[in-house]
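Visitor:
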Amino acid sequence: MSISDLFWNASAEQLKRGYVRDQDLYVCLLCGKTTEQGVVYPHGDAFYDAERSLRHHIEQIHGSVFEFLVGLDKKLTGLTEHQNSLLRLFFQGKSDAEVQKELSIGSASTIRNHRFVLKEKERQSKVFLTLMELLKDKDKHAPAIVPVHATARMVDERYNYTIEEAEQALEKYFPEGTEGPLLKFDIQEKHRLIVLREIAKRFKKDQNYTEKEVNRIIKTAYEDYAVIRRYLIEYGFMDREPDGSRYWLKD
Numbered sequence: 001m002s003i004s005d006l007f008w009n010a011s012a013e014q015l016k017r018g019y020v021r022d023q024d025l026y027v028c029l030l031c032g033k034t035t036e037q038g039v040v041y042p043h044g045d046a047f048y049d050a051e052r053s054l055r056h057h058i059e060q061i062h063g064s065v066f067e068f069l070v071g072l073d074k075k076l077t078g079l080t081e082h083q084n085s086l087l088r089l090f091f092q093g094k095s096d097a098e099v100q101k102e103l104s105i106g107s108a109s110t111i112r113n114h115r116f117v118l119k120e121k122e123r124q125s126k127v128f129l130t131l132m133e134l135l136k137d138k139d140k141h142a143p144a145i146v147p148v149h150a151t152a153r154m155v156d157e158r159y160n161y162t163i164e165e166a167e168q169a170l171e172k173y174f175p176e177g178t179e180g181p182l183l184k185f186d187i188q189e190k191h192r193l194i195v196l197r198e199i200a201k202r203f204k205k206d207q208n209y210t211e212k213e214v215n216r217i218i219k220t221a222y223e224d225y226a227v228i229r230r231y232l233i234e235y236g237f238m239d240r241e242p243d244g245s246r247y248w249l250k251d
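Every letter in the sequence shown is one number past the one before it in the UniProt record's numbering, and letter 240, counting from 1, is 240.
#1: With H, G and I counted as helix, E and B as strand and the rest as coil, what does DSSP make of Leu79?
#2: Could you tell me which residues DSSP puts in a beta bridge with Asp22?
#3: So, are the CB atoms of Val20 and Ala12 less than 8 Å apart?
#4: Determine the DSSP secondary structure at Thr130, reduced to helix, strand or coil.
#5: Could you tell me which of Cys31, Lys212 and Glu51 sits nearest to Gly38, measuring between CA atoms?
#6: When you compare only the Cα positions, how much space is there between Glu241 and Gln207?
#7: Enumerated in chain order, which unbroken segments of the alpha helix (DSSP H) with a length of 4 residues or greater are wholly contained in the segment 141–170?
#8: The beta strand (DSSP E) spanning Asp239 covers which residue range?
#9: Mind checking which residues open and close the beta strand (DSSP E) that includes Ala12?
#10: Using alpha carbons as the reference points, say which of Ile228, Ser107, Ile111 and Leu76 lies closest to Leu87.
#11: To the nearest angstrom, how far is the alpha carbon of Val127 from that of Lys136?
#12: When the Cβ atoms of the segment 66–77 are set against those of the segment 148–159, are three or more pairs found closer than 8 Å?
#13: So what does DSSP say about Glu51, is it helix, strand or coil?
#14: Mapping the DSSP letters down to three states, classify Ala221 as helix, strand or coil.
#15: Kindly indicate the opening and closing residues of the alpha helix (DSSP H) around Glu36.
#16: For Tyr173, does the three-state DSSP call read helix, strand or coil?
#17: With a 10 Å radius around its C-beta and 16 neighbouring C-beta atoms as the bar for buried, classify Ser104 as buried or exposed.
Structure below.
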């Protein structure tokens with residue numbers, strides 16, 4: 001199961017924790033890093049078991065699960081920029097008066113009203129989530145939509161495609177199979193997204209790449225490696241250091 005599938009199928013408690021157990025592995029829901037049950041991992045002068053090691057990873061690499069989640073695309077969180085700012089300040093332990101001063105809005109009572117709106121959103125979310133869970137048992141005609149990868153940027157209608165549509169597109173643009181060359185990249189945006197997701201699978205999780213290594217791997221799919229590399233980053237499948245010295249898979 002991909003990290004995107006694990007992320008979107010995780011319970012609220014698992015998302016809050018930031019990782020899940022998948023057989024003998026503990027998997028970070030934020031980046032896909034794994035640790036193996038029964039293995040001891042060194043961290044400086046200390047040694048941690050698999051679960052503690054992954055919690056340490058989340059603290060050191062991601063800062064906190066909260067920061068990761070609140071930084072997701074607003075179409076994934078449903079938050080406005082203003083609500084996002086409020087949540088960040090509340091998480092930092094700021095008082096209503098401190099939040100009001102920092103954001104320069106209204107008064108402390110205004111902030112309390114914003115808190116009420118957020119609590120209302122929480123209640124609505126719980127009801128909606130329960131409704132969708134109940135619907136799963138009844139809606140026999142719901143198409144199998146491919147889940148949006150958690151690191152996606154600019155989420156819009158391009159991400160609205162089914163598993164069947166993805167399979168058809170891949171068969172069309174990879175006539176020799178998905179491990180073979182890409183027929184062309186001058187294609188509609190939705191199909192471009194499907195193709196990029198597939199090319200990203202040629203990279204390994206938890207591995208750093210130089211730009212030359214990235215180019216070499218992309219060239220196994222498409223000659224114009226520069227355009228594919230740019231789109232892999234633009235769509236949030238990969239990331240890199242500002243100077244291009246290191247690339248890594250995000251999804």
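C-beta: ideal position from N, C-alpha, C; glycine also.
Since the structure is predicted, the reported quantities are computational estimates derived from the model, not experimental observations.
Guide: Per the coordinate set shown:
#1: The residue given as residue 79 occupies position 79 in the sequence shown. Here Leu79 sits in coil by DSSP.
#2: Taking the first residue of the sequence shown as 1, we reach residue 22 at position 22. Per DSSP, Leu25.
#3: Residue 20 sits at position 20 when you count from the first residue of the sequence shown. Residue 12 sits at position 12 when you count from the first residue of the sequence shown. Not closer than 8 Å, so no.
#4: For this step, residue 130 is matched to residue 130 along the sequence shown. Shown here, Thr130 sits in a helix according to DSSP, grouped into three states.
#5: Reading the sequence shown from its first residue, position 38 is the one you call residue 38. Comparing Cα positions, the closest option is Glu51.
#6: Position 241 of the sequence shown, counted from the start, is the residue given in the question as residue 241. Position 207 of the sequence shown, counted from the start, is the residue given in the question as residue 207. Answer to the nearest angstrom: the Cα atoms are 14 Å apart.
#7: none
#8: On the sequence shown, position 239 is the one that residue 239 refers to. Unbroken beta strand (DSSP E) run through Asp239: Met238 to Arg240.
#9: Taking the sequence shown and counting its residues from 1, one reaches residue 12 at position 12. Where Ala12 is concerned, there is no enclosing beta strand (DSSP E), although the alpha helix (DSSP H) it sits in stretches over Ala12 to Arg17.
#10: Residue 87 sits at position 87 when you count from the first residue of the sequence shown. Answer by Cα proximity: Ile111.
#11: Within the sequence shown, the letter at position 127 stands for residue 127. Within the sequence shown, the letter at position 136 stands for residue 136. Rounded to whole angstroms, Val127 to Lys136 spans 15 Å at the Cα level.
#12: The segment 66–77 is in contact with the segment 148–159.
#13: Taking the sequence shown and counting its residues from 1, one reaches residue 51 at position 51. Here Glu51 sits in helix by DSSP.
#14: As a first step, residue 221 must be located in the sequence shown, where it is residue number 221. In the three-state reduction of the DSSP assignment, Ala221 falls in the coil class.
#15: In the sequence shown, counting from the first residue as 1, residue 36 sits at position 36. Careful: Glu36 lies outside any alpha helix (DSSP H), inside the beta strand (DSSP E) at Thr34 to Glu36.
#16: Within the sequence shown, numbered from 1, the residue matching residue 173 stands at position 173. Of the three classes helix, strand and coil, the one that applies to Tyr173 here is helix, per DSSP.
#17: Walking along the sequence shown from the start, residue 104 turns up at place 104. With a 10 Å radius around the Cβ and a threshold of 16 neighbouring Cβ atoms, Ser104 comes out exposed.
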